[in-house]
Amino acid sequence: MNPELIFLIPLLPLLGAVINMVFGRRLPRPVSTGLAVAGVALATLLVLALWPYAGGGGTTIEFYTWFEASGLSVPLILWFDRLSASMALMVAGVSTLIHVYCLGYMVKEKDYVRFFALLNLFVFAMLVIVMAGDLLVLFLGWEGVGFCSYALIGFWYQEEKNAEAGQKAFLMTRAADVFLLIAILWLFRIFGTFSIPDILGRTDLIPAAAVTPIVLLLLAGACGKSAQFPFMSWLPDAMAGPTPVSALIHAATMVTAGVYLLCRLFPLVAVSPQGMAAIALVGTISAVYAALCALAQDEIKRVLAYSTMSQVGFMFLGVGAGALSGAVFHLYTHAFFKSLLFLGAGCVVLLSGGNNIHRMDLTPRGNPLVFWTFLVGSLALAGAPLTSGFFSKDAILMSVFSRGPYFYQLLWLLGSLTAFLTALYTFRLIYLVFWGNKNGGSGAPSVPFTMRVVLPLLAVPAMFAGLLNLPALFGGSERFSLFLEGSDAVQTLVSHRQELMLTTLAVAVFACGWLVSHGFFRKRSAPRDNALSRFLGNGFYIDQLVERFIQRPFRALARFWQRATEQMIFGGFFSGLGKMALGSGQVVRRMQTGRLSTYLGSFAWGLLFLVGYFLWCVLRG
Amino acid sequence: MATIVFYVLAVLALFGTYLCVTRSNPVHAILYLVNVLFAVALMYYLLGAPLVAAWEVIVYAGAVMVLFVFIIMMLELTPDQEMTRVGWLRWGPTVLLVLVLFCALVLMVAVDPETSKGIVDTYVSPKAFGYSLFTRYPLAVQIISFHLFIAAIGAYYLGRGGGSRKHSGKEEEE
Amino acid sequence: MNIPFNHLLVIAFLLFLMGLGSILVRRNVIRVLIGVEIMLNAAGLVLVGSSALWSRVDGQLFAVFLMAIEAAEVALALALVIYLRRRKGTLNINAFNEMRG
Numbered sequence: 000m001n002p003e004l005i006f007l008i009p010l011l012p013l014l015g016a017v018i019n020m021v022f023g024r025r026l027p028r029p030v031s032t033g034l035a036v037a038g039v040a041l042a043t044l045l046v047l048a049l050w051p052y053a054g055g056g057g058t059t060i061e062f063y064t065w066f067e068a069s070g071l072s073v074p075l076i077l078w079f080d081r082l083s084a085s086m087a088l089m090v091a092g093v094s095t096l097i098h099v100y101c102l103g104y105m106v107k108e109k110d111y112v113r114f115f116a117l118l119n120l121f122v123f124a125m126l127v128i129v130m131a132g133d134l135l136v137l138f139l140g141w142e143g144v145g146f147c148s149y150a151l152i153g154f155w156y157q158e159e160k161n162a163e164a165g166q167k168a169f170l171m172t173r174a175a176d177v178f179l180l181i182a183i184l185w186l187f188r189i190f191g192t193f194s195i196p197d198i199l200g201r202t203d204l205i206p207a208a209a210v211t212p213i214v215l216l217l218l219a220g221a222c223g224k225s226a227q228f229p230f231m232s233w234l235p236d237a238m239a240g241p242t243p244v245s246a247l248i249h250a251a252t253m254v255t256a257g258v259y260l261l262c263r264l265f266p267l268v269a270v271s272p273q274g275m276a277a278i279a280l281v282g283t284i285s286a287v288y289a290a291l292c293a294l295a296q297d298e299i300k301r302v303l304a305y306s307t308m309s310q311v312g313f314m315f316l317g318v319g320a321g322a323l324s325g326a327v328f329h330l331y332t333h334a335f336f337k338s339l340l341f342l343g344a345g346c347v348v349l350l351s352g353g354n355n356i357h358r359m360d361l362t363p364r365g366n367p368l369v370f371w372t373f374l375v376g377s378l379a380l381a382g383a384p385l386t387s388g389f390f391s392k393d394a395i396l397m398s399v400f401s402r403g404p405y406f407y408q409l410l411w412l413l414g415s416l417t418a419f420l421t422a423l424y425t426f427r428l429i430y431l432v433f434w435g436n437k438n439g440g441s442g443a444p445s446v447p448f449t450m451r452v453v454l455p456l457l458a459v460p461a462m463f464a465g466l467l468n469l470p471a472l473f474g475g476s477e478r479f480s481l482f483l484e485g486s487d488a489v490q491t492l493v494s495h496r497q498e499l500m501l502t503t504l505a506v507a508v509f510a511c512g513w514l515v516s517h518g519f520f521r522k523r524s525a526p527r528d529n530a531l532s533r534f535l536g537n538g539f540y541i542d543q544l545v546e547r548f549i550q551r552p553f554r555a556l557a558r559f560w561q562r563a564t565e566q567m568i569f570g571g572f573f574s575g576l577g578k579m580a581l582g583s584g585q586v587v588r589r590m591q592t593g594r595l596s597t598y599l600g601s602f603a604w605g606l607l608f609l610v611g612y613f614l615w616c617v618l619r620g
Numbered sequence: 000m001a002t003i004v005f006y007v008l009a010v011l012a013l014f015g016t017y018l019c020v021t022r023s024n025p026v027h028a029i030l031y032l033v034n035v036l037f038a039v040a041l042m043y044y045l046l047g048a049p050l051v052a053a054w055e056v057i058v059y060a061g062a063v064m065v066l067f068v069f070i071i072m073m074l075e076l077t078p079d080q081e082m083t084r085v086g087w088l089r090w091g092p093t094v095l096l097v098l099v100l101f102c103a104l105v106l107m108v109a110v111d112p113e114t115s116k117g118i119v120d121t122y123v124s125p126k127a128f129g130y131s132l133f134t135r136y137p138l139a140v141q142i143i144s145f146h147l148f149i150a151a152i153g154a155y156y157l158g159r160g161g162g163s164r165k166h167s168g169k170e171e172e173e
Numbered sequence: 000m001n002i003p004f005n006h007l008l009v010i011a012f013l014l015f016l017m018g019l020g021s022i023l024v025r026r027n028v029i030r031v032l033i034g035v036e037i038m039l040n041a042a043g044l045v046l047v048g049s050s051a052l053w054s055r056v057d058g059q060l061f062a063v064f065l066m067a068i069e070a071a072e073v074a075l076a077l078a079l080v081i082y083l084r085r086r087k088g089t090l091n092i093n094a095f096n097e098m099r100g
């Protein structure tokens, strides 16, 4: 296989998007949607076919020169190595399944062309991020996913709430992107190139004082896209978009872009211990915050949104603790079980006609497929033993524990607390949805085939992906970690005894969570409404704080400046100019009396001046 | 002899002009002006321009001034419109200006040595005058005749009452 | 006879300036036109005098031209005086002052 075909991987979904945009309305529906699905599916197959080229140092393909300006040449480079290949496979694969799901989900939608075009465009942008070999190319994809996310969240823009949610997401991530851009430019200033392999190869060039700020800037940029503290409040509101959009963007791909960025630049990031600590801290804060908020949500998708925020926090924690492969592995398992949960939530919403988990009338017996796949996803999320989520979460927590003294151990403690809370809210969700207030109504519409068929396909990896990275304790060989980092990364960080202890602790945490949840939520039907639940439900009122302390003064400042400049410039300067012109006109006007005697007099004065001038000339020479 | 006559005529002309300017009755002023024109005509003759002198009397004094008198008579001015007395206050600034101009001009003349040349006796016969006129300035003659013709038309038009006649209710601006 | 040219010039200046005075001061249209007459005469005097000084006939010719033009001008001017009188009922030169700013 020709390695040049690597560039087709992002290009195929782009082609699907373009065809849909240009010809979509004229083609029959199966053709246009089929092309969209085919674009992504072929990309997946292509990744698999070109897999061998990812080995070793990877393959760099230079596509063409994007722009050249005064000595700076930015080529469109794709770097296909182990990390990017596996990410690309995950992105393309999950996207394919979600595209298939959308065929059924969007069956009643008239504007499906725009939807599929945007979905494909999004996949293109995400693949560009994942396979970028150049920081500017990565930024191109970064902005691309930002835009597509805005367009897809606000897909049903006719309702103002959806448009506002899209706007909020875009603006918040955009604000974070500024930091990323600063970091990129700073790196360019140090290295003189934007090329990622070159930068990663010469990390010794960075002055010691510059490393931590750069890492913090990168962290800020990553927080925006990954909805971590402090750029996180856009994610729950983004659930206003269609459910498959949430599954794709806010479970598997865009929110993981931040994690991917840090993983891709890991050799750079690892140079600064303060930076790593900051990353871990931010991840933990977000994880705990999100888990607490998820406990008090009433809408099924918002629970899952906060859950995503929490799990991505885990990934950040993993990166900050140096567990690169652990974080990436958790990224993959999360992609599977979270998108499974979202797609299942889509089915649940369809079946029960609403979002509110306190008013759903599904039963395990009445909707077996949805129930069992949803259960699988939930178990993986909660970290039930032997599920994929269990292994990935455990890998992270173990790395954190073994990393260092007090700071990381505190983080480990908080991480375990979060795991407990995760189990808690996950089972709360299950109990409320499937065992809650039942009216026995089963006259529910049935779920389209394309939606149903995807669920088991996702459930399998959600359950069994743990096998890919089975730690030695369980008799495995950690193949995934080996694959990602080469043989030097698999160090036994903790002794076998400690590892056993930690694993047992993880199981115990899961069991506690389940039991507490069972006790609280199994029989409960009415939602609580006290101050605490409102505090948690509104995300600690952080949005309101931002409104009060940032947005309101900003608006006041803007109003002040507008008035000042308006008064000063337009009032003062321009009308002053006008008045001056008018005034001088008034003065000159008095010369035009219309009286003949005035004009005759002016003739005489002119004569006097002329005579005077001639006299002067004569006298002079 | 001619020199003395010339200076006498000059004094006459100046005095006549002064009177012409300062009288309040316009008819008086015109009569004094006629006087001045006669003096000037004689000065022309002494300067060797008999034809110009003749024309001065015939055209200027005989036609133009008479026209003036006609107009004044025709307009039937009321006494307060007719007699316009100008007080010293109004004369003041103008006199000052005139004096300044006079001084400046005299100064210019005095500085130039060329001007102290004397004018000697000359005489240009009408024949020489006519010959010169029609061989060297025929174009000017033509133009001036056009000029007079157009002036005649214009005067006719303005004077016939077309100036204030209303054309279909529209007020015309002349 | 021998008359210094500057004497002639001074005489002409005086005539001219007196005519100028009449123009500037008088409010009656007729008086203004009379002033113009005086000024033109003074110019003619200078022309004839200089033609005598240099023994050329051109000065006299110009004096004649001046006379002709002046006659035409007076004709039109007096027609306008009649018009003025008819429109405004007065002979004040400031009567038509609508063209003012």
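Chains as they are written, first to last, in numbering that gives the first Met the number 0: chain A, 0 to 620; chain B, 0 to 173; chain C, 0 to 100.
Ideal Cβ placement from N, Cα and C applies to all residues, glycine included.
Note that the structure is predicted; figures quoted are calculated from it, not measured.
In the DSSP annotation of this structure, Leu-4/A is not part of any alpha helix (DSSP H), being labelled neither H nor E. Put simply, the CB of Leu-88/B is far from chain A, with every gap to its CB atoms at 9 Å or more.
The straight-line gap separating the alpha-carbon atoms of Trp-78/A and Leu-88/A is approximately 14 Å.
Take His-517/A, set aside five residues on each side of it, and the residues of its chain with a beta-carbon closer than 8 Å to its own are Phe-426, Tyr-430, in chain order. Counting only runs that start and end inside the region 284-362 of chain A, the alpha helix (DSSP H) elements of at least 4 residues fall at 299-319, 323-351.
Per DSSP, reduced to three states, the secondary structure at Asp-393/A is helical.
Using a CB distance cut-off of 9 Å, Leu-595/A does not count as an interface residue toward chain B. Per DSSP, Asp-110/A has no beta bridge partner at all. Under a 10 Å Cβ-count criterion, Asn-1/C is classified as exposed, with fewer than 16 other Cβ atoms of the shown protein chains found around its own Cβ.
Fully enclosed alpha helix (DSSP H) runs of no fewer than 4 residues occupy 111-130, 134-152 of the region 107-160 of chain A, in order along the chain. Looking at the backbone, the Cα of Val-254/A and that of Ile-248/A are separated by about 7 Å. Residue pairing by DSSP places Ser-72/A opposite Glu-67/A in a beta bridge. DSSP places His-249/A outside any alpha helix (DSSP H), giving it a letter other than H or E.
For the region 117-136 of chain B, the residues whose beta carbon sits under 7 Å from a beta carbon of chain C are, in order, Gly-117, Ile-118, Val-119, Asp-120, Thr-121, Val-123, Ala-127, Phe-128, Ser-131, Leu-132, Tyr-136. Nearest neighbour of Pro-363/A by Cα position, chosen from Phe-373/A, His-357/A, Gln-550/A, turns out to be Phe-373/A. Distance check between Met-98/C and each of Arg-619/A, Gly-600/A, Arg-588/A places Arg-588/A closest, using alpha-carbon atoms only. With respect to chain A, the C-beta atom of Thr-93/B has a partner C-beta closer than 9 Å.
Under the 10 Å beta carbon count, Pro-25/B is surrounded by 16 or more other beta carbons and is classified as buried. Around the CB of Cys-616/A, fewer than 16 other CB atoms lie within 10 Å, so the residue is classed as exposed. A distance of 9 Å or more separates the beta carbons of Ala-326/A and Tyr-305/A.
Between Ala-62/C and Ser-50/C, the CB-CB gap stays under 9 Å. Against chain C, a Cβ distance below 8 Å from Ala-580/A picks out nothing, because the smallest value is about 15 Å. Membership of Phe-520/A in the alpha helix (DSSP H) is indicated by the continuous run 495-520. At the C-beta level, Asn-19/A and Ala-124/A stay beyond 9 Å of one another. A straight-line Cα-Cα distance of about 14 Å links Ile-198/A and Val-214/A. The C-alpha of Leu-8/C is placed about 17 Å away from the C-alpha of Leu-36/B. Within the region 3-54 of chain C, the complete alpha helix (DSSP H) segments of 4 residues or longer fall at 4-24, 28-52, listed in chain order. In the displayed model, Glu-546/A falls within a helix according to three-state DSSP.
The Cβ atoms of Ala-76/C and Leu-39/C lie no closer than 9 Å to each other.
Residue pairing by DSSP places Gly-91/B opposite no residue, since no beta bridge is assigned to it. Residue contact check for Gly-18/C against chain A: no CB pair falls below 9 Å. Looking at the backbone, the Cα of Leu-49/A and that of Leu-82/A are separated by about 14 Å. Contacts with chain B at 9 Å (Cβ-Cβ) do not include Gly-100/C.
Those residues of the region 22-46 of chain C placed with their C-beta closer than 8 Å to a C-beta in chain B are Leu-23, Val-24, Arg-25, Arg-26, Asn-27, Ile-29, Arg-30, Leu-32, Ile-33, Gly-34, Glu-36, Ile-37, Asn-40, Gly-43, Leu-44, ordered along the chain. For His-495/A, the number of other beta carbons within 10 angstroms of its own is below 16, and it is reported as exposed.
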